[in-house]
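Sequence lines, in order, name chains A and B. Heads up: the first sequence is residues 1 to 232, going by our numbering. Heads up: the second sequence is residues 233 to 694, going by our numbering. Please read the structure below before turning to the comments.
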Amino acid sequence: MSLEEKKKLLSNSILDGEEDLSRGFTDECLELGADPTSLIEESIKIALDEMGERFPSGAAFLPELILAGDAAKAALEIIIPKIQEDDSEAVNKGTVVIGAPFGDVHDIGKNIVGAILTARGFKVVDLGTNVPPSEYIDAAKKENANIIAISTLLTTSLPFQREVIQILHDIGNRDQYFVIVGGGPVTSGWTKEINADGYGWSGNDAANLCLQLMDDKQKPPLSEPVVFGAVG
Amino acid sequence: MARPELIEILERTITGEYCAVKDWDVKRIPRAIREKLKKYNLAQSFDADNPVNWDDSLADEFYKAGFELALELGMHSESTNRIVKISEGELVDAVENAPSEIFVGEGDDGIWIRARKPEDGTPMVYGASMAIMFPEDLWPIITEGIIREQEVDIIEGPSLVTIYGSELRSGTPFETMAGYLHGIKNRELREKAGRPGMGAVGCTTSVTEYGQFASYGVPGGFRPSDLSLCLFPSELKINNTVLHKVIHTHNLGGFVFGGSPAMIGGMSGPPEGSVLSAIACSLLQYAVLHTHVGGGEIYDIRSLTNVNREGLWALSVTHQALSRNTHLLTHAIASEVCGPVTETFLLESLVGVGTIAVSGTAFGTGQRPAGGKLALYLTPLECRFTAEVAHNAAKLSRKKVNEIAKEILPRYEPRIANPNIGKPFTEAYDIETMTPTDEWQVIYEKVKADAISLGFPFETDK
């Protein structure tokens, strides 16, 4: 089988959410001499872009999106160590630590955002639900994250979004991470009130927000939050 | 074989098969649903051109498939990562012995929630509102305003976001304090409004078990004759929070009001998948949580509503499946995206609540103006309107509601992606006199007149 055919199989394994196959085809492509960076562009990114189109159009649903992200992640774990450091920064858009805050066990919003961020080239560290404020910061430090993303469905968990920012400020680390917020009761007004750096209404909005934050040359904290898809 | 006792359920949350929650969500649920849809040839049954189903055989096939799905999957405990399986005998017993009627509230102000069938002509009981956020100075005013709407059968009502001036924080003693205050004040407001025995849903301010313990069954708070709100995560998941609430409710001899929306676009996939998940979840909660009322909720996570075509269709099939094949006291919400003082908001409510009422749902609740996202976006007028819809839609056939839906959908569909959030309570009402502004009153009357011209039978004796 040719390298081109193997690359196609790799793409399909990502679209099908098959982690083991994705690892296998990645190894086989590299053995056939595939350039790691090109492999990301020609096989992985293409598959994730297509999955990113399928989800909002209703052609794919959340499980497929998550599994495709996992399969892509499995491939990237093999490829990225083979890329020179400056090249890897070009393909890895950034690291995002994400979770639902303390008191909130709803995970669908967080899962959607995490899956879309993975599809768009971010490394996503998912802390789960019911996450105390300090855990976001500990994880961001451990993972050398760029962005802390806090998604909540509950008004009574909103204060914990602010608390993360407050703690960063109190320990003198506010300028280390962008903090973005989203979820049912979150509005652009709340985002500004708590001095968060950004708000995204949908999963795609969150991804566009993260891309913009990483592309701009600004450092946190932003004087005005970047808002995508504002309500209220 | 009898329905398992609650202590046995708790044991199964510890001894059941181990399954990580991610595996449950992205592998077990979608795979099982896909297989069932294929086995029963239900995969392409969504009909966008006829959002309100009236095909009884389709509903019955979905019921059979949903029943099988319930037995195959069970419910997943997020707290222990174990699966609580239910045998066929246990499930049959739970469904057969579930209550077909309960009396909520007390005395002349209370109301019977009874099992219904599609097109049976009996009014659907209606509770208002969803837990829209209100600051504590306005919370008693809006809550009393809703209670005074005589068409509203059961008060659910908005949620507090502050307590004695401090922010509420979920899962902390703030919530315990707020839950108690909510329960006490809710009861006082029912007395003040002249409906002391009116049934209520407690406690919308409380998310975790702390607020529930603080408000339900305490002296002066929510009574055991009120409904105890015991929501749990999608799809087919339980956790220690809901189990605490359920056991607390049963300890007091109260009514478990269970619920968990099946999510179109989420783990259950397409509308057909969410119908199966909703049916399975509805059945299982009667075995696992010993629910009294609940089951049949649907939500489309892509559009953040359920009054789009997919949502309406899924609601209609789910509730027809359940009501035709069981006597469960099912429940549904119409989840609107536009807000007060907009025509589109009332049109969404008309179609959504009309759909569930004519499909045999026992108990409807709402509203969820502006998607429930914005504080202060709620007024008593839409509570009245939607209760009128709930009571009167029962006079219609499913085909007729489908015709009305098809006529009205184009008037609000374009706003689903770009909702008109309307106006907050403070701009929609004269708070001193508790009357709607002329603007809002005119919209209400216009929408009713439009609906009547389409054949919707708005009548009220209240």
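Beta carbons are placed, not taken as given, at the ideal position from N, Cα and C, and that holds for glycine.
Closest to Y177 of chain A by C-alpha separation, out of A:I83, A:I98, A:L10, would be which residue? Locating residue 177 of chain A in the first sequence gives position 177, counting from the first residue. Here the closest residue by C-alpha is A:I98.
Inside the region 575-626 of chain B only - alpha helix (DSSP H) runs reaching at least 4 residues: Given a length threshold of 4 residues, each whole run of the alpha helix (DSSP H) inside the region 575-626 of chain B is given here in chain order: 575-590, 612-624.
Leaving aside the five residues before and after T26 of chain A along the sequence, list all residues of the same chain whose C-beta is less than 7 Å from its C-beta, in chain order. Residue mapping note: residue 26 of chain A aligns to position 26 of the first sequence, counting from 1. L10, A75, I78, I79, listed in sequence order.
Short-range partners of chain A found in the region 399-421 of chain B, where Cβ spacing is below 9 Å: Residues E399, L400, R401, S402, G403, T404, F406, E407, A410.
Among B:L274, B:V316, B:A619, the one whose alpha carbon lies nearest that of W256 of chain B: The residue given as residue 256 of chain B occupies position 24 in the second sequence. Out of B:L274, B:V316, B:A619, B:V316 has the C-alpha closest to the C-alpha of W256 of chain B.
Where G69 of chain A falls: helix, strand or coil (DSSP): Indexing the first sequence from 1 puts residue 69 of chain A at position 69. Of the three classes helix, strand and coil, the one that applies to G69 of chain A here is helix, per DSSP.
For V336 of chain B, which of helix, strand or coil comes out of DSSP? Reading the second sequence from its first residue, position 104 is the one you call residue 336 of chain B. It is a strand residue.
Close Cβ partners of V327 of chain B (< 7 Å) along its chain, the five nearest in sequence each way excluded: Locating residue 327 of chain B in the second sequence gives position 95, where the first residue counts as 1. Cβ neighbours of V327 of chain B beyond the five flanking positions: L515, Y518, T558, L560.
Contacting positions in the region 498-514 of chain B - beta carbon closer than 9 Å to chain A: Answer set for the region 498-514 of chain B: G498, M499, S500, G501, P502, G505.
Beta carbon of L213 of chain A, beta carbon of V227 of chain A: below 8 Å? By 1-based counting over the first sequence, the position of residue 213 of chain A is 213. By 1-based counting over the first sequence, the position of residue 227 of chain A is 227. No.
By Cβ distance, which residues of its chain are closer than 6 Å to A72 of chain A, with the 5 residues on each side in sequence left out? Counting from 1 along the first sequence, the entry for residue 72 of chain A is found at position 72. Contacts found: I14, I44, L48.
By alpha-carbon positions, which one of B:P502, B:T669, B:E664, B:L641 ends up nearest to A59 of chain A? The count along the first sequence starts at 1 and reaches residue 59 of chain A at position 59. It is B:P502.
Backbone secondary structure at T156 of chain A - three-state DSSP: Within the first sequence, the letter at position 156 stands for residue 156 of chain A. Looking at T156 of chain A - three-state DSSP - the assignment turns out to be helix.
Is the beta carbon of S591 of chain B closer than 8 Å to that of S629 of chain B? Along the second sequence, read from residue 1 onward, the residue named residue 629 of chain B stands at position 397. Along the second sequence, read from residue 1 onward, the residue named residue 591 of chain B stands at position 359. Contact: no.
What residues in the region 260-275 of chain B bring their beta carbon closer than 7 Å to a beta carbon of chain A? Here the close residues are P262.
Taking the runs of the alpha helix (DSSP H) that are 4 residues or longer, which of them lie wholly in the region 274-351 of chain B? For the region 274-351 of chain B, whole alpha helix (DSSP H) runs of length 4 or above, ordered along the chain, are 288-305, 320-328.
Can you give me, in chain order, the residues of the region 376-399 of chain B that have a beta carbon less than 8 Å from any beta carbon in chain A? Answer in chain order: S391, V393, E399.
Beta carbon proximity, L154 of chain A to chain B, threshold 8 Å: One-based indexing of the first sequence puts residue 154 of chain A at position 154. Nearest CB-CB separation between L154 of chain A and chain B: below the 8 Å threshold.
Is the beta carbon of P101 of chain A less than 8 Å from the beta carbon of I150 of chain A? As a first step, residue 101 of chain A must be located in the first sequence, where it is residue number 101. As a first step, residue 150 of chain A must be located in the first sequence, where it is residue number 150. I150 of chain A is positioned such that its CB atom lies closer than 8 Å to that of P101 of chain A.
Less than 8 Å between CB atoms is the rule here; does H106 of chain A satisfy it with respect to chain B? Here residue 106 of chain A refers to the residue found at position 106 of the first sequence. Yes - at least one Cβ of chain B is within 8 Å of the one on H106 of chain A.
Same chain only: Cβ atoms within 6 Å of L461 of chain B, ignoring 5 sequence neighbours per side: On the second sequence, residue 461 of chain B is found 229 positions in, with the first residue counted as 1. Residues of the same chain with a CB within less than 6 Å of the CB of L461 of chain B, apart from the 5 flanking positions on each side, are V433, F489 in chain order.
Using a Cβ cut-off of 9 Å, which residues of the region 96-125 of chain A contact any Cβ in chain B, in chain order? Those residues of the region 96-125 of chain A that come within reach of chain B (Cβ to Cβ, closer than 9 Å) are P101, F102, G103, D104, V105, H106, D107, I108, G109, N111, I112.
Apart from the five residues on each side of it in sequence, which residues of its chain come closer than 7 Å, Cβ to Cβ, to H476 of chain B? Within the second sequence, numbered from 1, the residue matching residue 476 of chain B stands at position 244. The residues E441, in chain order, have a CB closer than 7 Å to that of H476 of chain B in the same chain once the five nearest residues on each side in sequence are set aside.
Could you check if D170 of chain A is buried or exposed, using at least 16 other CB atoms within 10 Å of its CB as the buried criterion? The residue you call residue 170 of chain A lines up with position 170 of the first sequence. The residue is exposed, with fewer than 16 neighbouring Cβ atoms inside 10 Å.
Is the separation between the beta-carbon of P355 of chain B and that of N634 of chain B shorter than 8 Å? In the second sequence, the residue the question calls residue 355 of chain B occupies position 123. In the second sequence, the residue the question calls residue 634 of chain B occupies position 402. The Cβ-Cβ distance between P355 of chain B and N634 of chain B does not fall below 8 Å.
Own chain partners of I640 of chain B with C-beta closer than 6 Å, once the 5 adjacent residues on each side are dropped: Reading the second sequence from its first residue, position 408 is the one you call residue 640 of chain B. Excluding residues within five positions, the ones whose Cβ falls inside 6 Å are L579, V583.
Leaving out five residues before and five after I261 of chain B in sequence, what residues of the same chain have Cβ atoms less than 8 Å from its Cβ? As a first step, residue 261 of chain B is located in the second sequence; it is residue number 29 there, counting from the start. Cβ contact annotation for I261 of chain B (same chain, cutoff 8 Å, sequence separation greater than five): L305, E467, L468, M499, S500, S509, in chain order.
Does chain B have any CB closer than 8 Å to the CB of L48 of chain A? Numbered from 1 along the first sequence, position 48 holds the residue referred to as residue 48 of chain A. Chain B, which has no Cβ nearer than 8 Å to the Cβ of L48 of chain A, makes this no.
Closest Cβ-Cβ distance between S151 of chain A and chain B: below 8 Å? Stepping through the first sequence from its first residue, residue 151 of chain A is reached at position 151. No, because no Cβ of chain B sits closer than 8 Å to the Cβ of S151 of chain A.
So with CB distances below 7 Å, who are the chain B contacts of L67 of chain A? As a working note, residue 67 of chain A is residue 67 in the first sequence. By Cβ distance, chain B contributes V258.
Just list the residues that DSSP pairs H563 of chain B with in beta bridges. Your numbering for residue 563 of chain B matches position 331 in the second sequence. Its beta-bridge partners are B:F595.
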